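To start, the structure under review is shown below, and the notes come after it.
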Amino acid sequence: MKSREERSSEFEAALLALDRLEAARLLTDEGDERHVTARIEQDVVPAMERLGRLWEDGRVSLSQVYMSGRICEELVGRLLPQHAEPSGGDARIGLAVLEDRHILGKRMVAATLTASGHPFFDYGSVNAETLVERVEADGVELLLVSTLMLNSALRVAKVREGLDRLGRPVRLIVGGAPFRLEPELWRETGADAMCRNASEVVSLIDRFSGGGR
Amino acid sequence: MVRSSMTSMERVVAALSLKEPDRVPWFPLLTTTGARELGLPIREYFSKGSNVAEAQLRMRKKFGHDCLYAFMHASAEVEAWGGESVYYDDGPPNCGMPPLADPERIMSLQPPRVKDSPSLIKALDAIRLMKERAGDEVPILSVVISPFSLPAMQMGLESYLLLIHERQDLLARLMEVNEEFTVEWGRAQVDAGTTAVVYFDPLSSPTIIPRELYLKTGFQVARRTISRIGGPVAMHFASGRCIPILDDVVQTGVGVLCAGCEEDLGELKRLAKGRIALVGNLNGLEMRRWSPARVEEEVKRAIAVAGPGGGFILSDSHGEIPWQVSDEVIFAMGEAVRRWGEYPLDWRS
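As given, the protein sequences belong to chains A and B, one line each in that order. The number in this note's numbering is simply the position in the first sequence, starting from 1, with 7 added. The number in this note's numbering is simply the position in the second sequence, starting from 1, with 351 added.
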């Protein structure tokens, strides 16, 4: 019987090798008696979190993290029943890129959310005003915002102002190159937290949702 | 203080020859700041090459730095391919929808001609005007986006990463077409009077792709393209890491490497010494909030680790000082480099 660490490590190696078949074999092994959600929580999520940390440390590349995320997203999509939108017990999550058509960062977060079983509202690329309107209409409690350019990142402050006017708490988590390269920027914009890599979003969701899943 | 005795061109040439000039040269790479200098909205500023030339000359007179920067914005290249630039009041133009949304179009794709591309002609006008007015006293820098990195804007980064991993046939064809374009565009800049072409290649950084993939892709493209541009070329990864591929970069034929702010400049200097000159690596995003004292501290730190022995030019790490960075910070940078950058750097001992 393999240990949890061995399984996660093998799964991570398959992802880095972009070996879809091996990753699928490991995740769907018939000899594995764990429930599918346990396999995802114990194999997929730790592997993606570790890859995210390795990217921060400069030990793997963005393309490896991105392609791994796609593989996980595909596998989990096949294993888990699809949810159109959040249901009871989960924080209602919204995801957007602010004023940019280059959406890889948001795409990677979307893959992480899907692979970790978190349903979300996908708002695409929007401006601050539209984003706040969508959050209000959908009752979003946890808003994830990705940016690429500094001026877009600074406009997160406008999103914060709009959220504060809603009269109910909405947690705001930001990510993207400007925040990573300027570590104080997220505080300046009024965000509640910053993701240094896409997979970090899972632990932040747990933190702001009041505990683990 | 020792009076500077070299022209900017002499100072930069000495640094690039891996020697100690009279002082460390400094390149505050100013783009949208020029619009503020002329009191123009950013969109209007970039509508004419003459605006860019005028602002670059005025800013150099004001701050006393060692280059003129003809770079306008990256999306100007994508306009040549049928894309669009989206303008903002407080930052550089960004690319709109990628013009090459359907990868299957790659097989029939033809490179645009520089002479038919208004966005590129504006940049060439800026280079010519600067050359006419500044002569050989100061280097003029201009930019090409590498053929390997251009598709991030031509087709979007996500589609491009998939193409790199899954469609080698289309990747090969796209590189062929892009290389023809970049070579013509780089040569046109050299003909217009640029001193050095900065080859922006962020996709080749280990931040984005692993070295093994780089050696099969971006590295091969760089070797083929740089040798054909016909002028001095500097390698820039736009804040991306470069230490893991330093030996490879040296082999692409460039004499200068621009360092990202996430790497240890001292370590990079140790690895690069005697082989390739370095430019960098102040954090432009953080610079927005720096006090003059913090500027001095950062400049002094960079010079202390990368200045000894020459082969170093002080600059930011991204290839562009953000519009939000104040004149006060840029002035402080100049004061600090003049105070701490005079050779020999005796204060270090």
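Just so you know, even glycine gets a beta-carbon here, dropped at the ideal spot from N, CA and C. In this text, all values refer to a predicted model and were calculated from it rather than measured experimentally.
Asked: Neighbourhood of residue 458 of chain B by C-beta, 8 Å cutoff - its chain only, sequence neighbours within 5 removed; Found: 521 and 524
Asked: Best match in B/641, B/462, B/387 and B/426 for proximity to residue 534 of chain B [C-alpha to C-alpha]; Found: B/462
Asked: Proximity of residue 554 of chain B and residue 468 of chain B at Cβ, strictly below 7 Å; Found: no
Asked: Residues that residue 201 of chain A contacts on chain B, provided the C-beta gap is smaller than 8 Å; Found: None at all; the shortest Cβ gap to chain B is about 13 Å.
Asked: Min CB distance residue 478 of chain B to chain A below 7 Å; Found: no
Asked: Beta carbon of residue 392 of chain B nearer than 7 Å to that of residue 424 of chain B; Found: no
Asked: Neighbourhood of residue 401 of chain B by C-beta distance below 8 Å, restricted to the same chain and skipping five residues each side; Found: 476, 477 and 480
Asked: Inter-stretch contact (C-beta, 8 Å, three-pair minimum) for the segment 42 to 52 of chain A and the segment 66 to 77 of chain A; Found: no
Asked: 7 Å Cβ cutoff, residue 68 of chain A in contact with chain B; Found: yes
Asked: Segments assigned beta strand (DSSP E), at least 3 residues, entirely inside the segment 114 to 154 of chain A; Found: 128 to 133 and 149 to 153
Asked: Own chain, CB closer than 7 Å to residue 146 of chain A, minus 5 neighbours either side, in chain order; Found: 99
Asked: N- and C-terminal bounds of the beta strand (DSSP E) containing residue 438 of chain B; Found: Per DSSP, residue 438 of chain B belongs to no beta strand (DSSP E) and is neither H nor E.
Asked: Chain A residues whose Cβ lies nearer than 7 Å to that of residue 439 of chain B; Found: 158
Asked: Sufficient close CB pairs (3 or more, under 8 Å) joining the segment 590 to 610 of chain B to the segment 622 to 633 of chain B; Found: yes
Asked: Per-residue DSSP class, three states only, for residue 206 of chain A; Found: coil
Asked: Below-7 Å beta-carbon distance, residue 399 of chain B vs any chain A residue; Found: no
Asked: DSSP-derived helix/strand/coil call for residue 356 of chain B; Found: coil
Asked: Residues that residue 691 of chain B bridges to, as DSSP identifies them; Found: Answer by DSSP bridge pairing: none, since residue 691 of chain B is not bridged.
Asked: Endpoints, alpha helix (DSSP H) assigned at residue 516 of chain B; Found: 508 to 517
Asked: Residue-level contact to chain A via CB, residue 662 of chain B, 7 Å cutoff; Found: no
Asked: Where residue 445 of chain B falls: helix, strand or coil (DSSP); Found: strand
Asked: Coarse secondary structure for residue 501 of chain B, derived from DSSP in three states; Found: coil
Asked: Contact with chain A by residue 560 of chain B, beta-carbon distance below 7 Å; Found: yes
Asked: Distance between residue 611 of chain B and residue 597 of chain B (C-alpha atoms, nearest Å); Found: 12 Å
Asked: Simplified DSSP state of residue 92 of chain A, which is helix, strand or coil; Found: With a pLDDT of 46 at residue 92 of chain A, under the threshold of 50, the predicted position of this residue should be treated as unreliable, though the coordinate-derived value follows. In this structure, residue 92 of chain A counts as coil in the three-state DSSP scheme.
Asked: Cut-off 6 Å between Cβ atoms - residues of its own chain near residue 471 of chain B, not counting five sequence neighbours on either side; Found: 431 and 465
Asked: Short-range partners of chain A found in the segment 507 to 527 of chain B, where Cβ spacing is below 9 Å; Found: 507, 508, 509, 512, 513, 515 and 516
Asked: Alpha carbon of residue 203 of chain A to alpha carbon of residue 63 of chain A, nearest angstrom; Found: 7 Å
Asked: Status (buried if at least 16 other CB within 10 Å, exposed otherwise) for residue 300 of chain B; Found: There is simply no residue 300 of chain B to check, as chain B begins at 352 and stops at 700 in what is shown.
Asked: Same chain, Cβ closer than 8 Å to residue 452 of chain B, neighbours up to 5 away in sequence not counted; Found: 506, 507 and 510
Asked: C-beta atoms of residue 450 of chain B and residue 514 of chain B nearer than 7 Å; Found: no
Asked: Minimum Cβ-Cβ distance from residue 114 of chain A to chain B less than 7 Å; Found: yes
Asked: Length of the line joining the Cα atoms of residue 689 of chain B and residue 567 of chain B; Found: 43 Å
Asked: Where residue 28 of chain A meets chain B, residues with beta-carbon distance less than 7 Å; Found: Near residue 28 of chain A there are no residues of chain B at all, since even the closest Cβ is about 15 Å away, more than 7 Å.
Asked: Sequence-distant residues of its chain with Cβ nearer than 7 Å to residue 538 of chain B (five each side left out); Found: 580 and 581
Asked: Local Cβ density within 10 Å of residue 193 of chain A, reported as buried at 16 or more and exposed below that; Found: buried
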